[in-house]
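Report on the following structure.
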Amino acid sequence: MTIRLINLTKSYPSKLGPQYIFKDLNFDFPTDDNVAILGKNGAGKSTLFRMLAKSEYPDKGQIYTNKTMSWPVALATGIHPQMTGRENARFIARINDVKDLAAYESAVQDFAEIGQRFDLPVKTYSSGMRARLVFACCININFDIYLIDEATSVGDPKFRRKAREALEVKAKEAGLIMVSHEMDQIREFCTSAILIEEGQLNYYSDLEEGIAVYME
Amino acid sequence: MSDVLKISLRSQLKVWNSVCFALFLRELRSQFDDKLGLTWGFVEPFIFIFGMSYARTFMGGDDVHGIPVFMFMLIGMVGVQTFLQAFPKVANAFSKNKPLYAFRQVQPIAGLLVSGFVEYTIKVIVVLLSVVTVYLLEIPVKIHDPLLLLILFHLLWIMTLSMSCLLGIAASYVQEIKKVVALFTRPLFFISCIFFSLQDIPKEYWHWLTWNPLVHFIELARYACYESYGDAGVSISYVIEFTVAVFFFAIACYHLTWKGLLSR
Numbered sequence: 001m002t003i004r005l006i007n008l009t010k011s012y013p014s015k016l017g018p019q020y021i022f023k024d025l026n027f028d029f030p031t032d033d034n035v036a037i038l039g040k041n042g043a044g045k046s047t048l049f050r051m052l053a054k055s056e057y058p059d060k061g062q063i064y065t066n067k068t069m070s071w072p073v074a075l076a077t078g079i080h081p082q083m084t085g086r087e088n089a090r091f092i093a094r095i096n097d098v099k100d101l102a103a104y105e106s107a108v109q110d111f112a113e114i115g116q117r118f119d120l121p122v123k124t125y126s127s128g129m130r131a132r133l134v135f136a137c138c139i140n141i142n143f144d145i146y147l148i149d150e151a152t153s154v155g156d157p158k159f160r161r162k163a164r165e166a167l168e169v170k171a172k173e174a175g176l177i178m179v180s181h182e183m184d185q186i187r188e189f190c191t192s193a194i195l196i197e198e199g200q201l202n203y204y205s206d207l208e209e210g211i212a213v214y215m216e
Numbered sequence: 001m002s003d004v005l006k007i008s009l010r011s012q013l014k015v016w017n018s019v020c021f022a023l024f025l026r027e028l029r030s031q032f033d034d035k036l037g038l039t040w041g042f043v044e045p046f047i048f049i050f051g052m053s054y055a056r057t058f059m060g061g062d063d064v065h066g067i068p069v070f071m072f073m074l075i076g077m078v079g080v081q082t083f084l085q086a087f088p089k090v091a092n093a094f095s096k097n098k099p100l101y102a103f104r105q106v107q108p109i110a111g112l113l114v115s116g117f118v119e120y121t122i123k124v125i126v127v128l129l130s131v132v133t134v135y136l137l138e139i140p141v142k143i144h145d146p147l148l149l150l151i152l153f154h155l156l157w158i159m160t161l162s163m164s165c166l167l168g169i170a171a172s173y174v175q176e177i178k179k180v181v182a183l184f185t186r187p188l189f190f191i192s193c194i195f196f197s198l199q200d201i202p203k204e205y206w207h208w209l210t211w212n213p214l215v216h217f218i219e220l221a222r223y224a225c226y227e228s229y230g231d232a233g234v235s236i237s238y239v240i241e242f243t244v245a246v247f248f249f250a251i252a253c254y255h256l257t258w259k260g261l262l263s264r
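Dropping the structure here:
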């Protein structure tokens with residue numbers, strides 16, 4: 001099954017009255033392969049993304065899915081700067097109902113390659129290390145769909161390769177939905193695209209076709 | 001389709017439980033993250049309450065309407081500090097946990113309840129410390145009606161959390177409300193019958209004070225300890241009605257606005 005958007009309406013209040021991002025949108029979101037969400041600034045990429053993750057709810061309409069979805073993995077979601085990397089990982093694990101905390105911790109420490117500094121407060125980390133920590137926290141929990149929001153873009157090339165390999169392993173049973181402005185990165189991870197234009201979604205099963213339309 | 005989406009109540013409760021536990025640990029970790037640590041959390045309010053009560057005993061008078069001055073002040077201070085300290089702090093929970101709403105399992109009310117629970121636990125420890133102090137100072141204490149005292153204490157907490165919930169919701173729509181409320185809660189310290197008894201005031205002016213539920217809470221708590229103090233001018237029914245009213249108003253407002261709170 002796909003993710004189904006039914007009569008989706010979302011607006012934000014503003015001084016000029018409600019700003020509609022989506023109005024009565026109906027769409028079947030394909031999840032068989034890795035999908036990139038493309039769109040101009042303010043087109044509603046992040047909003048759609050957050051609604052898919054149920055971090056935010058539409059004004060009207062519904063999003064149906066039988067897949068488990070990760071939280072929207074962006075640079076700093078859910079990370080407390082004064083807690084250590086380990087404590088943050090444990091927090092995320094508890095929230096997501098991970099059974100074996102110890103195994104999860106060491107898997108995260110391993111994957112993020114932060115070694116001893118895993119036990120230092122996150123505020124002492126560089127932004128690259130934070131991104132690695134967040135990504136490691138996410139990838140070590142089993143979801144059907146991973147929602148990645150430019151989180152990997154600050155990692156160095158080696159970590160990016162590692163992230164892609166991990167996602168490829170997962171890709172057999174899991175999907176990926178990604179928001180990014182970096183075309184290189186999208187080409188690295190995704191195989192198809194969804195373009196948001198004036199509140200409408202268009203699916204392109206060929207990524208290059210989608211990028212071409214987006215670039216016009 | 002609906003069969004697939006149905007999640008059992010048991011697993012929902014389990015998720016709730018683990019979310020609240022995780023938030024609780026996070027709250028403790030972030031709120032008391034210095035060398036003084038958790039201890040300061042309850043030593044500071046204790047010193048304040050104890051200091052104020054003890055200072056009052058030097059100002060003359062052995063008892064106020066049959067209550068030792070120290071006990072008289074202590075009951076008043078615990079009552080008013082419960083409200084004044086917890087109210088703004090718990091109201092902050094909605095905005096403070098905002099980054100965590102990215103996890104769909106975390107709902108705003110969970111943060112509020114956890115923050116309230118932390119404050120509640122701290123106050124209980126403060127009360128226990130006060131009991132020990134009273135015992136060591138050998139102040140004669142009578143507790144005439146412990147059940148009433150317990151009920152009052154917990155009703156006060158339900159009222160405080162409900163008010164915090166309302167303030168939290170209001171403040172996430174209109175930021176300025178917090179400043180205004182801070183201005184209006186400060187005088188509560190002086191008009192809630194902590195330093196004086198309602199009986200000291202001429203009867204014709206009572207209505208200027210008795211609108212305030214804290215007056216009822218505090219005067220009734222004194223009555224619950226010392227029966228001879230009397231409960232003229234205050235009533236348990238006002239306390240209960242007020243609490244139930246704000247409680248339902250708070251959960252109704254929360255139910256209407258919780259999806260909005262996520263994105264604000």
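Here the protein sequences line up with chains A and B, keeping their order. Numbering follows the UniProt record's numbering, in which position 19 of the first sequence is assigned residue number 19; successive positions increment by one, without gaps. Numbering follows the UniProt record's numbering, in which position 160 of the second sequence is assigned residue number 160; successive positions increment by one, without gaps. Built from N, CA and C at the ideal position, the CB exists for glycine as well.
Residue i to residue j span [Cα, whole Å]
i, j, result
"Tyr125 (chain A)", "Leu256 (chain B)", "40 Å"
"Gly175 (chain A)", "Thr31 (chain A)", "6 Å"
"Gly260 (chain B)", "Ala110 (chain B)", "16 Å"
"Lys15 (chain A)", "Gln175 (chain B)", "16 Å"
"Val215 (chain B)", "Ile236 (chain B)", "11 Å"
"Ala53 (chain A)", "Lys10 (chain A)", "15 Å"
"Lys35 (chain B)", "Ile196 (chain A)", "51 Å"
"Tyr204 (chain A)", "Ile177 (chain A)", "14 Å"
"Asn88 (chain A)", "Gly78 (chain A)", "8 Å"
"Tyr229 (chain B)", "Val246 (chain B)", "29 Å"
"Pro13 (chain A)", "Glu204 (chain B)", "49 Å"
"Phe50 (chain B)", "Ala224 (chain B)", "21 Å"
"Val234 (chain B)", "Thr210 (chain B)", "7 Å"
"Ile169 (chain B)", "Tyr254 (chain B)", "7 Å"
Assigned exposure category for residue i - 16 Cβ within 10 Å defines buried
i, result
"residue 218 (chain A)", "Because chain A spans 1 through 216 in this model, residue 218 (chain A) falls outside it and cannot be assessed."
"Gly27 (chain A)", "At residue 27 (chain A) the sequence reads Phe, which differs from the Gly that was named. Under this definition Phe27 (chain A) is a buried residue."
"Gln105 (chain B)", "buried"
"His80 (chain A)", "buried"
"Ser115 (chain B)", "buried"
"Leu128 (chain B)", "exposed"
"Gln200 (chain A)", "exposed"
"Gly14 (chain B)", "The amino acid occupying residue 14 (chain B) in the given sequence is Lys; Gly does not appear at that position. Looking at its Cβ environment, which holds fewer than 16 other Cβ atoms inside 10 Å, Lys14 (chain B) is exposed."
"Ile109 (chain A)", "Residue 109 (chain A) is actually Gln in this sequence, not Ile. So Gln109 (chain A) ends up on the buried side."
"Asp156 (chain A)", "exposed"
"Pro108 (chain B)", "buried"
"Phe153 (chain B)", "buried"
"Ala182 (chain B)", "exposed"
"Gln62 (chain A)", "exposed"
"Gly66 (chain B)", "exposed"
"Pro99 (chain B)", "exposed"
"residue 277 (chain B)", "Outside the shown range of chain B, which is 1 to 264, sits residue 277 (chain B), and nothing can be said about it."
"Trp208 (chain B)", "exposed"
Beta carbon proximity, residue i to chain B, threshold 8 Å
i, result
"Arg94 (chain A)", "yes"
"Gln82 (chain A)", "yes"
"Thr77 (chain A)", "yes"
"Lys15 (chain A)", "no"
"Asp28 (chain A)", "no"
"Tyr146 (chain A)", "no"
"Ser106 (chain A)", "no"
"Asp119 (chain A)", "no"
"Asn7 (chain A)", "no"
"Glu150 (chain A)", "no"
"Ser55 (chain A)", "yes"
"Leu133 (chain A)", "no"
CB contact check: residue i to chain A, cutoff 8 Å
i, result
"Ile101 (chain B)", "The question names Ile, but residue 101 (chain B) is Tyr in the sequence shown. So yes, Tyr101 (chain B) belongs to the interface."
"Met1 (chain B)", "Note that Met1 (chain B) has pLDDT 40, beneath the 50 cutoff, so the model's placement of it is unreliable and the number below is only indicative. It does; some Cβ of chain A falls within 8 Å."
"Ser172 (chain B)", "no"
"Val4 (chain B)", "In this prediction, Val4 (chain B) has a pLDDT of 44, which is less than 50 and means its spatial position is unreliable; what the coordinates show is noted afterwards. Interface residue, yes."
"Ser263 (chain B)", "yes"
"Phe21 (chain B)", "yes"
Beta carbon of residue i nearer than 8 Å to that of residue j
i, j, result
"Ala91 (chain B)", "Ser8 (chain B)", "no"
"Leu25 (chain A)", "Leu8 (chain A)", "yes"
"Ser55 (chain A)", "Trp71 (chain A)", "yes"
"Phe249 (chain B)", "Leu166 (chain B)", "yes"
"Leu147 (chain A)", "Gly85 (chain A)", "no"
"Tyr57 (chain A)", "Ile6 (chain A)", "no"
"Ile114 (chain A)", "Met129 (chain A)", "yes"
"residue 266 (chain B)", "Leu28 (chain B)", "Nothing about residue 266 (chain B) can be reported from this structure: the residues present for chain B run from 1 to 264 only."
"Ile95 (chain A)", "Cys137 (chain A)", "no"
"Leu220 (chain B)", "Leu148 (chain B)", "yes"
beta-carbon residue i near the ligand ZN non-hydrogen atom, thresh 7 Å
i, result
"Trp258 (chain B)", "This structure lacks the ligand ZN, and indeed carries no ligand of any kind."
For this session: Would you list, in sequence order, the uninterrupted alpha helix (DSSP H) runs of no fewer than 4 residues that lie entirely inside the segment 165 to 226 of chain B?
Result: For the segment 165 to 226 of chain B, whole alpha helix (DSSP H) runs of length 4 or above, ordered along the chain, are 177 to 185, 188 to 191 and 213 to 225.
Exercise. What runs of the alpha helix (DSSP H), each 4 residues or longer, lie entirely inside the segment 78 to 164 of chain B?
Worked result: Runs found: 93 to 96 and 108 to 136.
For this session: Tell me the start and end of each unbroken alpha helix (DSSP H) in the segment 110 to 183 of chain A that is at least 4 residues and wholly inside, in chain order.
Result: 127 to 139 and 157 to 171
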